[in-house]
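S.K.:
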Amino acid sequence: MASGLFAHFSQIYSILLVIVIALADEQVIFDENASIGGTHTTGTLRRFMVNNEQQRERILDLATEINADVWQLANSHIDIYAPAHNEPLPDELMNIHHTSSNITTQPQTFRPSSPADWDLASFTNSTFHQNYHPLYEIDGFIQELARLHPDLVRLHNIGHSAEGREMIAMTFSAPSTNSTLRGLPGPGKLGFVIVGAQHAREWVATATSMYIAHALVANSSEPRSLRHLLDNFDFHIVPAPNPDGYAYTWEADRYWYKNRQVVGPHSKCVGVDMNRNWGYKWKPTVGHVPRIAGPGTLRPKLPADPCSFWFPGHRPFEAPEVNNIANFVTTLPNLVGFLDLRSYGQMLSSPFSYTCKKLPKDAEDLIEAATGAANALRSVHGTQFETGALCYLVYKAPGNIVDWMYRVSRIKFSYVAHLRDTGTYGFSLPETWIQPVGEETAKMVEYLSKFISSRIKREGLLLLDLRIQPD
């Protein structure tokens, strides 16, 4: 994972957000700074307000036709980012009520750090979670945590990325002498899987996965320790599921989204949207084509454009990173919990992603657990999270990881957590927010874990009672 680019002094960048409320009588401007990587760039983030589903589809159609970079889709708004060097957005789109944020990245010198600087032996005093880290420092964190806690942490090389980087998964497991669960096959415990940022630019998701990892090995006497969860659970965490894309956000393009694989000999574009490449309800086509037909005319589907931000690949599991994670998960026993960490939006979502017309048979249990988890999260710093099915809260997206984990890997309590914020900073969340986000997300994980284990203890359920039935 190490990159020679960061062996000496490197460049990190600070983001200047100038938020202008457009199409209003007044202009309200907010200036904030957040550390980010990448080259010097400028662009505009626009939030288009959505009044109804028809307008939402219209905005999305227009954005898709020009391959715009959609940062967030929500019921009330759609965020679209346009670099300054791109063609202007079409008039039909610009005439819709929106707000604008001008984004400029500027260089700032920083000194690389190492495990000796982080004091990982102390969860409370460690400085690691005060900053975002390049890929080689993430690798250092993983190796150091395993070195400090060989009795609790096992590392797995689960394969290589498209560019040949090692992908590491961490398993956190303690002796099961304290387990009070019944009905588990053999000596094992319940399994919980957590995945960091599949989309490269969602830095806080990877940072949060490492915070949770650290909390799981923290001494039980330390505040916010999660080690007690290891009495009943084994946790499996993949902090950097998209190592190539993540490295690219530090070295070239802060807002890169996909992985970095070559998608064909004749394509000038690179990368697959990992979160549309999973093998459950994967689709190779998209429904948005240029508006050459009249209103109401049925528009045929076209093959997905490899240059699209949402390119799902030519086939499921084409992305080696997706294939590696899937293969790893299929080896794990007794899985009952899954959490895909994302940003941004402040939502805890359950299946399904591929359709808005169908809910899982376990929808009632999923929403009950999610509502309690969102309340637990809010108790830490007051952060509000929405809960509901992913398709309803965000958008319909086939080939999503949460659907595969729920339906194929049969993990009943499968969720997607879109972390802070709701759009003021978006993907450039300030470093000062890393620890608060980690603290509240850890509380959410704690609640979900206790919800599952308490149900087993209270009702005496066998493990299979928590597992969904296959199709």
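Count the sequence shown with mature numbering (1 follows the signal peptide of the UniProt record, and there is no 0) and you get residues -24 to -1, 1 to 447, in order.
The beta carbon of each residue, even a glycine, is placed where N, CA and C say it ideally should be.
In this text, all values refer to a predicted model and were calculated from it rather than measured experimentally.
(1) Please list, in chain order, all residues of the same chain as A349 whose beta carbon is under 7 Å from its beta carbon, the five residues on each side excluded.
(2) What residues in its chain sit with their C-beta under 7 Å from that of P292, if we drop five residues either side in the sequence?
(3) Go ahead and pull the three-state DSSP assignment for W47.
(4) What three-state label does DSSP hand L308 in the structure shown?
(5) Inspect the beta-carbon positions of H136 and M146 and report whether they are closer than 8 Å.
(6) Am I right that G221 and Y320 are in contact with their C-beta atoms under 8 Å? What's the rounded C-beta distance?
(7) Could you say which of A97, A176, Q360 lies nearest to R123 if we only look at CA atoms?
(8) Residues in the same chain with beta-carbon distance under 6 Å from E139, minus the five sequence neighbours each way, listed in chain order, please.
(9) For D95, does the three-state DSSP call read helix, strand or coil?
(10) Measure the alpha-carbon distance for W226 versus V246 and round it to whole angstroms.
(11) On a Cα-Cα basis, can you pick out the residue from N351, S355, F287, I213 that is closest to F304?
(12) Mind checking if G167 is an interface residue toward chain B, Cβ cutoff 8 Å exclusive?
(13) With DSSP as the reference, label Y320 as helix, strand or coil.
(14) Alpha carbon to alpha carbon, how far is L192 from S185?
(15) In the structure shown, what three-state DSSP assignment does L121 receive?
(16) Check each candidate in L121, R383, L111, D115 and name the one with the smallest Cα separation from K102.
(17) Tell me whether A183 is buried or exposed, calling it buried when 16 or more other Cβ atoms sit within 10 Å of its Cβ.
(18) Tell me the rounded alpha-carbon separation between L131 and S390.
(19) Just to confirm before moving on: does the CB-CB distance between A393 and L315 stay below 8 Å?
(20) How big is the Cα-Cα spacing for M250 and E297?
(21) Output the distance between the C-alpha atoms of T363 and P241, rounded to the nearest integer angstrom.
(22) Where does the unbroken alpha helix (DSSP H) through A181 begin, and where does it stop?
(23) State the Cα-Cα distance for the pair R275 and Y382, rounded to the nearest angstrom.
(24) Report all residues from its chain with a CB closer than 6 Å to the CB of H190; omit the five preceding and five following residues, and keep chain order.
(25) Return the first residue and the last residue of the beta strand (DSSP E) that L21 is part of.
(26) Taking Cβ to Cβ, would you say I301 is nearer than 8 Å to V171?
(27) Run through the DSSP bridge pairs and tell me what A58 is partnered with.
(28) Flag this pair as yes or no: are the beta carbons of E415 and R200 separated by less than 8 Å?
M.R.: This is what the structure holds:
(1) By one-based count along the sequence shown, residue 349 stands at place 373. Excluding sequence neighbours, A349 sits near L324, M420, Y423, L424.
(2) In the sequence shown, residue 292 corresponds to position 316, counting from 1. Apart from the 5 residues on each side of it in sequence, P292 sits with its Cβ closer than 7 Å to the Cβ of N253, W254, G255, W258, G375 in its chain, given in chain order.
(3) Working through the sequence shown from its first residue, we reach residue 47 at position 71. Of the three classes helix, strand and coil, the one that applies to W47 here is strand, per DSSP.
(4) Counted from its first residue, the sequence shown places residue 308 at position 332. Three-state result, L308: coil.
(5) The residue given as residue 136 occupies position 160 in the sequence shown. The residue given as residue 146 occupies position 170 in the sequence shown. No.
(6) Locating residue 221 in the sequence shown gives position 245, where the first residue counts as 1. Locating residue 320 in the sequence shown gives position 344, where the first residue counts as 1. About 17 Å separates the two Cβ atoms, so there is no contact after all.
(7) If you number the sequence shown from 1, residue 123 lands on position 147. Here the closest residue by C-alpha is A97.
(8) On the sequence shown, position 163 is the one that residue 139 refers to. So the qualifying residues of the chain are D220, R236.
(9) For this step, residue 95 is matched to residue 119 along the sequence shown. In the three-state reduction of the DSSP assignment, D95 falls in the coil class, being assigned neither a helical nor a strand state.
(10) Start at 1 with the first residue of the sequence shown, and residue 226 comes out as number 250. Start at 1 with the first residue of the sequence shown, and residue 246 comes out as number 270. Between W226 and V246, the C-alpha separation is close to 17 Å.
(11) Counting from 1 along the sequence shown, the entry for residue 304 is found at position 328. Measuring from the Cα of F304, the nearest candidate turns out to be I213.
(12) The structure shown has no chain B; it contains just one protein chain.
(13) Residue 320 sits at position 344 when you count from the first residue of the sequence shown. DSSP places Y320 in coil when its eight states are reduced to three.
(14) Residue numbering aside, residue 192 sits at position 216 when the sequence shown is read from its first letter. Residue numbering aside, residue 185 sits at position 209 when the sequence shown is read from its first letter. Spanning the two alpha carbons is a distance of roughly 11 Å.
(15) Position 145 of the sequence shown holds residue 121. Note: L121 maps to helix in three-state DSSP.
(16) Position 126 of the sequence shown, counting from 1, holds the residue named residue 102. Checking the sequence, you will find Ser at residue 102 rather than Lys. Here the closest residue by C-alpha is L121.
(17) Translated into positions along the sequence shown, residue 183 becomes position 207. Residue environment for A183: buried (at least 16 other C-beta atoms within 10 angstroms of its C-beta).
(18) Reading the sequence shown from its first residue, position 155 is the one you call residue 131. Reading the sequence shown from its first residue, position 414 is the one you call residue 390. Cα to Cα, L131 sits roughly 23 Å from S390.
(19) To locate residue 393, count along the sequence shown from 1; it is residue 417. To locate residue 315, count along the sequence shown from 1; it is residue 339. Yes, these two residues count as a Cβ contact at 8 Å.
(20) Within the sequence shown, residue 250 is the residue found at index 274, counting from 1. Within the sequence shown, residue 297 is the residue found at index 321, counting from 1. Near 8 Å, if we compare the C-alpha coordinates of E297 and M250.
(21) Working through the sequence shown from its first residue, we reach residue 363 at position 387. Working through the sequence shown from its first residue, we reach residue 241 at position 265. Note on geometry: alpha-carbon atoms of T363 and P241 lie some 42 Å from one another.
(22) Numbered from 1 along the sequence shown, position 205 holds the residue referred to as residue 181. Run containing A181: 179 to 193, per the alpha helix (DSSP H) assignment.
(23) Within the sequence shown, numbered from 1, the residue matching residue 275 stands at position 299. Within the sequence shown, numbered from 1, the residue matching residue 382 stands at position 406. Residue placement at R275 is flagged as unreliable, the pLDDT there being 42, under the threshold of 50; the coordinate-derived value follows with that caveat. Roughly 32 Å between the two C-alpha positions.
(24) For the purposes of this step, residue 190 is taken as the residue at position 214 of the sequence shown. Excluding residues within five positions, the ones whose Cβ falls inside 6 Å are F99.
(25) For the purposes of this step, residue 21 is taken as residue 45 along the sequence shown, with counting starting at 1. Counting along the chain, the beta strand (DSSP E) containing L21 begins and ends at 18 to 25.
(26) Position 325 of the sequence shown, counted from the first residue, corresponds to residue 301. Position 195 of the sequence shown, counted from the first residue, corresponds to residue 171. Closer than 8 Å, so yes.
(27) What you label residue 58 is simply residue 82 of the sequence shown in a count that begins at 1. Its beta-bridge partners are T20.
(28) The residue you call residue 415 lines up with position 439 of the sequence shown. The residue you call residue 200 lines up with position 224 of the sequence shown. Yes. Within cutoff.
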